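S.K.:
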Amino acid sequence: MISDTITAISTAVGEAGIAVIRVSGPDAVSETEKIFRSKTPLTQAASHTVHYGHIIDPGTGEKIEEVLVTVMRAPRSFTTEDVVEISAHGGVVSVKRVMDLLLQLDIRLAEPGEFTKRAFLNGRIDLSQAEGVMDLIRSKSDRAFSVALKQVEGKLSSKLRELRYTLVETLAHIEVNIDYPEHDVESLTSEFIKEKSSQVMTEIDKLLVTAEQGKILREGITTAIVGRPNVGKSSLLNTLAQDNRAIVTDIPGTTRDVIEEFVTINNIPLKLLDTAGIRETMDVVERIGVERSRSAVNEADLLLMVINAAEPLHQDEIELLEQIRGRQSIIIMNKMDLAPQADREVLLRYIPEERLVPMSVKDDFGVDRLEDAISTLFFSGKLESADLTYVSNVRHIALLKKAKQSLIDAYEAAEQLIPIDMIQIDVRLAWEQLGEIVGDTAHDALIDQIFSQFCLGK
Ligand code: GDP
Ligand code: ZN
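Using full-length UniProt numbering, read the sequence shown as starting at 1 and increasing by one per residue.
#1: Run through DSSP, which three-state label would phenylalanine 78 get?
#2: Does arginine 37 come out as helix, strand or coil in the three-state DSSP assignment?
#3: For the ligand ADP, is there a heavy atom less than 7 Å away from the beta-carbon of leucine 338?
#4: If you draw a straight line from the C-alpha of valine 69 to the C-alpha of glutamine 328, how long is it?
#5: If distances are taken between C-alpha atoms only, which option among Leu429, Arg73, Val93 and Leu101 comes closest to glycine 61?
#6: Residues in its own chain within less than 6 Å of glycine 232 by CB, not counting five upstream and five downstream?
#7: Which residue from Glu345, Asp337, Leu356 and Ile351 puts its Cα closest to that of phenylalanine 365?
#8: Please confirm whether any heavy atom of the ligand GDP lies closer than 7 Å to the CB of leucine 360.
#9: At the level of alpha carbons, what is the spacing between proline 41 and threonine 116?
#10: Quick check: what's the CA-CA separation for isoleucine 374 versus isoleucine 330?
#11: Suppose the cutoff is 7 Å on Cβ atoms and the five residues either side in sequence are ignored; what does the same chain contact list for lysine 63 look like?
#12: The ligand GDP and serine 47: does any heavy atom of the ligand fall closer than 7 Å to the residue's C-beta?
#13: Pairs of beta-carbons, one from the segment 395 to 410 and one from the segment 202 to 209, closer than 8 Å: are there three or more?
#14: Report the option in Asp82, Leu167 and Pro229 whose CA atom is closest to the CA atom of methionine 201.
#15: Out of Ile437, Gly435, Val427 and Leu313, point me to the one whose CA is closest to phenylalanine 192's CA.
#16: Determine the DSSP secondary structure at threonine 166, reduced to helix, strand or coil.
#17: What separation, rounded to the nearest whole angstrom, lies between the Cα atoms of proline 269 and glutamate 261?
#18: Identify whether leucine 356 lies in helix, strand or coil by the three-state DSSP scheme.
#19: At a cut-off of 7 Å, would you count valine 357 as near the ligand GDP, judging by its Cβ distance to the nearest heavy atom?
#20: In terms of residue numbering, what span does the alpha helix (DSSP H) encompassing methionine 305 cover?
#21: Based on DSSP bridge pairs, tell me the residues matched to valine 83.
#22: Do threonine 7 and leucine 109 have their C-beta atoms closer together than 8 Å?
#23: Inspect the beta-carbon positions of isoleucine 225 and leucine 236 and report whether they are closer than 8 Å.
#24: When you compare only the Cα positions, how much space is there between leucine 348 and isoleucine 318?
#25: When the Cα of alanine 46 is compared with those of Gln242, Val29, Lys34 and Phe36, which residue comes out closest?
#26: Per DSSP, which one or two residues make a beta bridge with lysine 63?
#27: Measuring straight from C-alpha to C-alpha, what distance separates threonine 239 and aspartate 368?
#28: What residue does the beta strand (DSSP E) around methionine 333 start on, and which one ends it?
#29: Please classify glutamate 280 as buried or exposed, where buried requires at least 16 other C-beta atoms within 10 Å of its C-beta.
#30: Taking the beta strand (DSSP E) that isoleucine 6 belongs to, which residues open and close that run?
#31: At the level of alpha carbons, what is the spacing between aspartate 106 and serine 157?
#32: Grab the span of the alpha helix (DSSP H) containing isoleucine 318 for me, first residue to last.
#33: Have a look at the DSSP bridge pairing and note the partners of residue 460.
#34: Indicate the three-state DSSP secondary structure (helix, strand or coil) for alanine 410 in the structure shown.
#35: Following a CB-centred definition, is valine 226 positioned closer than 7 Å to any heavy atom of the ligand GDP?
#36: Please identify the residue among Asp372, Ile86, Ser24 and Asp4 whose C-alpha is closest to the C-alpha of serine 38.
Following this line, the structure appears as structure tokens:
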């Protein structure tokens, strides 16, 4: 049973015009009242009402801040506890003074993620929903945001509940058989186990297929822009970043370093890496750049190879084309505003036509085609499947894979007519592993670890 009251700033300080300080716990209302003056005393305020007033230093009687205070009484709040939210004007100094006053009361500073943790512990949300909240805070693209939102809304949870129900059903069936172990019942039970476990496996596979997309949505497709010097790599990066910039992470350095930009194209987040020209060199500084660009190429999910179409293909470029054969790649024939020289027919030996994009970064020509090629490559058309249940969390993916393996074990054991009570162990394991995703069988340490990843105040 949770007995203490916690507080934290719930909006980013300094960013918003208003800062919200959240207080949650059994003493949230009575403690906050000690530093708040308004027409209605807070302890008499009805649930879900907003009150205008002032935060007062109880020691000196000084007015610290003009605020709006919202009262939400248990259990109708995010944490299911009594919650008070203080909206202040958000100057860093005054918000800090309000926090200092709260912390002098019988209220302690919340740990990161502690509000969400309480919501979970009090049964308000399940673990996958809680992780969804965390993903919402971190999501870098609109699409990633809506996936995280779905998770918060419990889409994944209800799917998992359905699968676990099937497994419980199977366990019940096995239980009956153990009590009445006549031979024909036994073989019927084996059939039943095989049917049910493959049914659940199929559903797990569907979830896992979406997992790869989910990971991409969260982290961005690592995209390396490669090619010889002066073909227009940096110009392309700048153009894509200008139109689509989301979060910018400039790694300081010259063009010989790898520059990173986070952009979203048709809602697909890309982590773009501009690399130094790939070619052998004796220049030490440049060689470091080249080595970095080699590893960038190896790690990339997608390669954008830029060539200067106004020149004949260079031997280095043929070598690079050989190197990237079989990789997810798009070739950009840049500088099409000049007289074309590069041999299209040669390029088409390495890449299908829809992934050969004529462009002029200078004239802003061809950008649309490039963007379409990128989305076609990854999602066979624009990503429209917004109502899919995405699995995008590494912990969820690992558990789904474990559960699938347990079911494979159960299936194979049933096929070999291994004693039913042995098979029961595997089915039960799968049930537990799926349960761990939503937190039904999660251990305390795991719960702490997950919630400590939250931002403070969530
Ligand atoms: P990088 O070395 O591959 O990064 O190439 P840059 O982006 O630095 O570009 C090299 C030169 O090519 C610069 O002078 C650009 O202005 C020029 N450039 C880039 N794109 C185009 C284009 O589409 N057409 C023309 N004519 N020049 C371009
Ligand atoms: Zn460059």
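Where a beta carbon is used, it is the ideal one built from N, C-alpha and C, also for glycine. This structure is a prediction, so every number in the text was calculated from the model and none was measured.
M.R.: Quick look at the numbers:
#1: Along the sequence shown, read from residue 1 onward, the residue named residue 78 stands at position 78. Looking at phenylalanine 78 - three-state DSSP - the assignment turns out to be coil, as it is neither helix nor strand.
#2: In the sequence shown, residue 37 corresponds to position 37, counting from 1. Residue state, collapsed to three classes: strand.
#3: This structure lacks the ligand ADP; the ligands present are the ligand GDP and the ligand ZN.
#4: Here residue 69 refers to the residue found at position 69 of the sequence shown. Here residue 328 refers to the residue found at position 328 of the sequence shown. Taking the straight line joining both Cα atoms gives about 54 Å.
#5: As a working mapping, residue 61 is identified with position 61 in the sequence shown. When each option's Cα is compared against that of glycine 61, the closest is Leu101.
#6: Position 232 of the sequence shown, counted from the first residue, corresponds to residue 232. Apart from sequence neighbours up to five positions away, the residues of its chain that approach glycine 232 with a beta-carbon distance below 6 Å are Val306, Asn334 and Val361, ordered along the chain.
#7: Within the sequence shown, numbered from 1, the residue matching residue 365 stands at position 365. Comparing Cα positions, the closest option is Asp337.
#8: Stepping through the sequence shown from its first residue, residue 360 is reached at position 360. According to the sequence displayed, residue 360 carries serine and not leucine. For the ligand GDP, at least one heavy atom lies less than 7 Å from the Cβ of serine 360.
#9: Here residue 41 refers to the residue found at position 41 of the sequence shown. Here residue 116 refers to the residue found at position 116 of the sequence shown. So the two alpha carbons sit approximately 28 Å from each other.
#10: Mapped onto the sequence shown, residue 374 falls at position 374. Mapped onto the sequence shown, residue 330 falls at position 330. The alpha-carbon atoms of isoleucine 374 and isoleucine 330 are separated by roughly 8 Å.
#11: What you label residue 63 is simply residue 63 of the sequence shown in a count that begins at 1. Closer than 7 Å at Cβ, skipping near neighbours: His54 and Ile56.
#12: As a first step, residue 47 is located in the sequence shown; it is residue number 47 there, counting from the start. Outside the cutoff, so no.
#13: Yes, since at least three Cβ pairs between the segment 395 to 410 and the segment 202 to 209 fall closer than 8 Å, the two stretches touch.
#14: Mapped onto the sequence shown, residue 201 falls at position 201. Residue Leu167 is the option with its Cα nearest to methionine 201.
#15: By 1-based counting over the sequence shown, the position of residue 192 is 192. When only C-alpha atoms are compared, the closest one is Val427.
#16: By one-based count along the sequence shown, residue 166 stands at place 166. In this structure, threonine 166 counts as helix in the three-state DSSP scheme.
#17: One-based indexing of the sequence shown puts residue 269 at position 269. One-based indexing of the sequence shown puts residue 261 at position 261. Near 10 Å, if we compare the C-alpha coordinates of glutamate 261 and proline 269.
#18: Translated into positions along the sequence shown, residue 356 becomes position 356. Here leucine 356 sits in strand by DSSP.
#19: Reading the sequence shown from its first residue, position 357 is the one you call residue 357. Answer for valine 357: no, Cβ out of range of the ligand GDP.
#20: Start at 1 with the first residue of the sequence shown, and residue 305 comes out as number 305. No alpha helix (DSSP H) holds methionine 305; the beta strand (DSSP E) holding it covers 302 to 308.
#21: Working through the sequence shown from its first residue, we reach residue 83 at position 83. The partner list for valine 83 (beta bridge, DSSP) reads Ser24 and Met72.
#22: The residue you call residue 7 lines up with position 7 of the sequence shown. The residue you call residue 109 lines up with position 109 of the sequence shown. Taking 8 Å as the cut-off, the Cβ atoms of threonine 7 and leucine 109 count as close.
#23: As a position in the sequence shown, residue 225 is number 225, starting the count at 1. As a position in the sequence shown, residue 236 is number 236, starting the count at 1. The answer is yes: Cβ separation under 8 Å.
#24: For this step, residue 348 is matched to residue 348 along the sequence shown. For this step, residue 318 is matched to residue 318 along the sequence shown. Taking the straight line joining both Cα atoms gives about 12 Å.
#25: Within the sequence shown, the letter at position 46 stands for residue 46. When only C-alpha atoms are compared, the closest one is Val29.
#26: Within the sequence shown, residue 63 is the residue found at index 63, counting from 1. DSSP, once it has assigned bridges, lists Ile56 as partnering lysine 63.
#27: Walking along the sequence shown from the start, residue 239 turns up at place 239. Walking along the sequence shown from the start, residue 368 turns up at place 368. Spanning the two alpha carbons is a distance of roughly 12 Å.
#28: For the purposes of this step, residue 333 is identified with residue 333 of the sequence shown, where counting begins at 1. Element bounds for methionine 333: 329 to 334.
#29: The residue you call residue 280 lines up with position 280 of the sequence shown. With a pLDDT of 40 at glutamate 280, under the threshold of 50, the modelled position of that residue is not reliable, and no figure is offered here.
#30: In the sequence shown, residue 6 corresponds to position 6, counting from 1. Isoleucine 6 -> beta strand (DSSP E) spans 6 to 9.
#31: As a first step, residue 106 is located in the sequence shown; it is residue number 106 there, counting from the start. As a first step, residue 157 is located in the sequence shown; it is residue number 157 there, counting from the start. For aspartate 106 and serine 157, the distance between alpha carbons rounds to 36 Å.
#32: In the sequence shown, the residue the question calls residue 318 occupies position 318. Here the alpha helix (DSSP H) through isoleucine 318 covers 315 to 323.
#33: Nothing can be reported for residue 460, as the shown portion of the chain is limited to 1 through 458.
#34: One-based indexing of the sequence shown puts residue 410 at position 410. Three-state DSSP puts alanine 410 in a helix.
#35: Within the sequence shown, residue 226 is the residue found at index 226, counting from 1. No, the beta carbon of valine 226 sits no closer than 7 Å to any heavy atom of the ligand GDP.
#36: Translated into the one-based positions of the sequence shown, residue 38 becomes position 38. If we check each option's Cα against that of serine 38, Ile86 comes out closest.
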